[in-house]
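Please read the structure below before turning to the comments.
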Amino acid sequence: MKYLSVVWTVARKDLLVEIRTLERLVAMSAFSVLIGVLFHFAIDTSLIRAQTIAPSLIWMASIFAGMLGLGRIYIIEDENRALSGLLQSPISLDALYFGKVLSNFIILLSIVVLILFVFAVFFNLSFPGNLLGWTSLSAVVFLGVLSFVSIMTLLSAVAVNNTMGESIIPVLVFPLLVPTVIHTVTATNRIFANRPFVEIEGNLRILAAIVLIFLVAGASLFRFVIEE
Amino acid sequence: MNQSRMKKISMSFGILGVVAVLILHYMVFFWVPTESSMGIVQRIFYIHVPSWWVAFISFGIVALCSGVYLWLGDDRLDAAAVTAAEGGMIFTTIGLLTGPLWGKIAWGAWWTWEPRLTLALLLWFIYLGYFLVRRSALNPEKGKRLAAVVGIIGVLDIPLIHVSVSWLRSLHPEAVVLNPDGPTLDGSMLATLLVGLLAYSLIFVCLFTVRYATELIDRGTQIQDV
Amino acid sequence: MIPRLQAVDVSRTFVRTRAVDGISFDLNSGELLSIFGPNGAGKTTLLKILAGVIRADEGQVSIDQKAVEASDRLWRSQIGIVTHQTMLYDQLSARENLLFYAKLFDLEDPEDRIRESMRTLDVLEMADRLVGSLSRGFQQRLALARALLHDPKVLLLDEPYAGLDLYASRLLRDRISSLKDGNRTIVLVTHSFEQGLELADRIAIQARGRFVFTALNESFHLTEFEQLYCDTLQECGV
Numbered sequence: 002m003k004y005l006s007v008v009w010t011v012a013r014k015d016l017l018v019e020i021r022t023l024e025r026l027v028a029m030s031a032f033s034v035l036i037g038v039l040f041h042f043a044i045d046t047s048l049i050r051a052q053t054i055a056p057s058l059i060w061m062a063s064i065f066a067g068m069l070g071l072g073r074i075y076i077i078e079d080e081n082r083a084l085s086g087l088l089q090s091p092i093s094l095d096a097l098y099f100g101k102v103l104s105n106f107i108i109l110l111s112i113v114v115l116i117l118f119v120f121a122v123f124f125n126l127s128f129p130g131n132l133l134g135w136t137s138l139s140a141v142v143f144l145g146v147l148s149f150v151s152i153m154t155l156l157s158a159v160a161v162n163n164t165m166g167e168s169i170i171p172v173l174v175f176p177l178l179v180p181t182v183i184h185t186v187t188a189t190n191r192i193f194a195n196r197p198f199v200e201i202e203g204n205l206r207i208l209a210a211i212v213l214i215f216l217v218a219g220a221s222l223f224r225f226v227i228e229e
Numbered sequence: 028m029n030q031s032r033m034k035k036i037s038m039s040f041g042i043l044g045v046v047a048v049l050i051l052h053y054m055v056f057f058w059v060p061t062e063s064s065m066g067i068v069q070r071i072f073y074i075h076v077p078s079w080w081v082a083f084i085s086f087g088i089v090a091l092c093s094g095v096y097l098w099l100g101d102d103r104l105d106a107a108a109v110t111a112a113e114g115g116m117i118f119t120t121i122g123l124l125t126g127p128l129w130g131k132i133a134w135g136a137w138w139t140w141e142p143r144l145t146l147a148l149l150l151w152f153i154y155l156g157y158f159l160v161r162r163s164a165l166n167p168e169k170g171k172r173l174a175a176v177v178g179i180i181g182v183l184d185i186p187l188i189h190v191s192v193s194w195l196r197s198l199h200p201e202a203v204v205l206n207p208d209g210p211t212l213d214g215s216m217l218a219t220l221l222v223g224l225l226a227y228s229l230i231f232v233c234l235f236t237v238r239y240a241t242e243l244i245d246r247g248t249q250i251q252d253v
Numbered sequence: 463m464i465p466r467l468q469a470v471d472v473s474r475t476f477v478r479t480r481a482v483d484g485i486s487f488d489l490n491s492g493e494l495l496s497i498f499g500p501n502g503a504g505k506t507t508l509l510k511i512l513a514g515v516i517r518a519d520e521g522q523v524s525i526d527q528k529a530v531e532a533s534d535r536l537w538r539s540q541i542g543i544v545t546h547q548t549m550l551y552d553q554l555s556a557r558e559n560l561l562f563y564a565k566l567f568d569l570e571d572p573e574d575r576i577r578e579s580m581r582t583l584d585v586l587e588m589a590d591r592l593v594g595s596l597s598r599g600f601q602q603r604l605a606l607a608r609a610l611l612h613d614p615k616v617l618l619l620d621e622p623y624a625g626l627d628l629y630a631s632r633l634l635r636d637r638i639s640s641l642k643d644g645n646r647t648i649v650l651v652t653h654s655f656e657q658g659l660e661l662a663d664r665i666a667i668q669a670r671g672r673f674v675f676t677a678l679n680e681s682f683h684l685t686e687f688e689q690l691y692c693d694t695l696q697e698c699g700v
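Protein chains in written order, with the working numbering: chain P, 2 to 229; chain X, 28 to 253; chain Z, 463 to 700.
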């Protein structure tokens, strides 16, 4: 299908550029480890068991890493006015949006997986013991990252040609992330506590709804943020 | 609709609004009975809830005008959206300032993560984002479109925030002395609340019409075109 | 003869300035229009409207008498644009950049077309070098290769000679000249009177968003045209 081919072409180009420079991946990876270090020192482990709040820390670290890495996506694209080149091509703008969501999703998902393992080591977490637990965790991570990326891909375009640059992005994005944070953290907590799947199912459903709303809104509104 | 007619409309709403606010204050301070468990401070409720009402309805107007602005491109819709946003932000601020006063009495804490208060706080920041995006865009036309997008995304997110925060609260019911939704209203209390809603709505309409007219003048649009 | 490219009363406002103010022109197939004008005249905005990068507020652009709708993205495959920014990715090679654009334009036999396009523009030897490592002259020729990849009927060139040395300018001029013989319609915006007059069939001077002077190019002499240009702008109060 031509539409999917365009989506993949855009995503592939972004990933190729990223692999060549590794700028974002290195920065986000280093950040992920270092924020884990800071969190460790910020928690008084004589009062709190780190395992109790580790899921929250994992998601907060993921959001901060995402802000760091995804805030500049259009500023990078706009070097040499490559963005104009895309606008001049016959591709539909929602295909461009989905292509960017896909590349950003792959990049951030890799970082979140890194965070999971780094934090598991730093805070001595035990992962779920069974397949269902792993599947649930994968689903929560997948939906949480996709929810974040879909909104970032839309709103970080605001940073181009803007006097505040990327610093405006957290103001716009953080209020919108509250529902995602609530459900990902609750679900992750329950998964690590080996709670039955029926307790996690509700969170997954709402996360799926959030993802759907953000993707549809993002694809519909993208042309207004990207056109000159 | 010409300038003098707009003036008459806004004046009428303004006068009615001020009268309604005076009546409201009379009712709040002298007429409505004191709520038995919370005492006098409970009367903030009649200021606080109406200001929230107006804040949320304003945001609905912002989102609606933004959506139609993106669709039709009519600059007057953008003027209406930014005007509603200004009014909405004022009333959200009032709600956020009076909320903790109420909360200190009702729950013994200046701030609780009660759904409405949390939502009002986030709404305030969505409004802030709306204004920042307008002002910091290098191309003002682009700034209007970006603000419209923020308005639309904001209104989509508000029900999600409300549902999620309420759900989270239901997991951890706090020991509350009183019903967090406010006292069970008897006739006179309900009447006072409704007067409050009416009064604030009238004030909002007055502010809106005046501000909308000045916004259009700033943009060089003829008032006849309203 | 049906005009290949036609603009009727095209306008675009930014804030309260009419960047493009009621511009109309016709261009037949194979013709080249050179547009001259001071900075801020709206020349780049006009070209961006013709390319579909931004939308006109008023007026109509047509290709082969078919009006182009801003929301219909497919007509953009009939247009190629080169600006003084390359629109290429520094971190990808020349070939990778062209392959990317070939896929966006959904071209058949992309590899062959890329090779042919690069050979025509004499950049084939640089195919696997990263664009960021190429000289400005090579980058501009590569940008032209990108613009021609999908064989557009209409070619828009916005100050393509900017930043090029004499040798690179001559090379680019030769390439553009050879394109003229192939029934392509070209709009060239340039500050170089020499380059602009040499190839033009029609000329226009744009100031404050309007065409303040238009004519067929009947062998204007360079000095004569320079004088005409200054006089025209003076009359307009620029």
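Ideal Cβ positions, reconstructed from N, Cα and C, are used throughout, including at glycine. All values reported here derive from a predicted model rather than from experimental measurement.
- Residue 220 of chain P and residue 170 of chain X have their C-alpha atoms spaced approximately 19 Å apart.
- For residue 567 of chain Z, the nearest beta carbon of chain P is closer than 8 Å to its own beta carbon.
- The Cβ atoms of residue 142 of chain X and residue 196 of chain X lie closer than 8 Å to each other.
- Take the alpha-carbon of residue 677 of chain Z and the one of residue 692 of chain Z: they are about 16 Å apart.
- For secondary structure counted as the alpha helix (DSSP H) over 4 or more consecutive residues, the region 546-581 of chain Z holds these complete runs in sequence order: 556-566.
- A residue is called buried once 16 or more other Cβ atoms fall within 10 Å of its Cβ, and residue 136 of chain P, having fewer, is exposed.
- Neighbours of residue 209 of chain P across chain X, judged by C-beta separation under 9 Å, do not exist; the nearest C-beta is about 12 Å away.
- Boundaries of the alpha helix (DSSP H) harbouring residue 104 of chain P: 94-123, taken from the DSSP string.
- CA-CA distance, residue 158 of chain P to residue 174 of chain X, rounds to 12 Å.
- For the pair residue 609 of chain Z and residue 543 of chain Z, the CB atoms are nearer than the 8 Å cut-off.
- When DSSP states are grouped into helix, strand and coil, residue 225 of chain X belongs to the helix group.
- If you look at residue 224 of chain P, you'll find it in the alpha helix (DSSP H) that goes 198-227.
- Contacts with chain Z at 8 Å (Cβ-Cβ) do not include residue 39 of chain P.
- DSSP places residue 486 of chain Z in the strand class (E or B) of the three-state scheme.
- For the region 130-148 of chain X, the set of positions with a beta-carbon nearer than 7 Å to some beta-carbon of chain P is empty.
- Between the beta-carbon of residue 73 of chain X and that of residue 220 of chain X there is about 6 Å, and that keeps the pair under the 8 Å contact cut.
- Neighbours of residue 225 of chain P across chain X, judged by C-beta separation under 8 Å: 97, 172, 173, 175, 176.
- Scanning the region 109-195 of chain X for uninterrupted alpha helix (DSSP H) segments of 4 residues or longer gives 142-163, listed from N- to C-terminal end.
- At least one beta carbon of chain Z lies nearer than 8 Å to the beta carbon of residue 83 of chain P.
- Under the three-state reduction of DSSP, residue 101 of chain X is assigned to coil, being neither helix nor strand.
- For the region 34-61 of chain P, there are no residues whose beta carbon sits under 9 Å from a beta carbon of chain X.
- With respect to the C-alpha of residue 140 of chain P, the residue from P:162, P:164, P:114, P:119 having the closest C-alpha is P:114.
- A direct Cα-Cα distance of roughly 15 Å separates residue 216 of chain P from residue 180 of chain P.
- Close partners of residue 163 of chain P in chain X (Cβ separation under 7 Å): 163, 164, 165.
- Bounds of the beta strand (DSSP E) holding residue 672 of chain Z are 672-678.
- Residues 120, 124, 126 of the same chain have their beta carbon placed closer than 7 Å to that of residue 55 of chain P, with the five preceding and five following residues left out of the count.
- In terms of Cβ geometry, residue 521 of chain Z and residue 552 of chain Z do not form a close pair [threshold 8 Å].
- Only exposed fits residue 137 of chain X, as fewer than 16 other CB atoms lie within 10 angstroms of its CB.
- Shown here for residue 44 of chain X: same chain residues with a beta carbon closer than 7 Å to its own, the five before and five after excluded, namely 226, 229, 230, 233 in chain order.
- In the three-state scheme derived from DSSP, where H, G and I count as helix and E and B as strand, residue 527 of chain Z is classed as coil.
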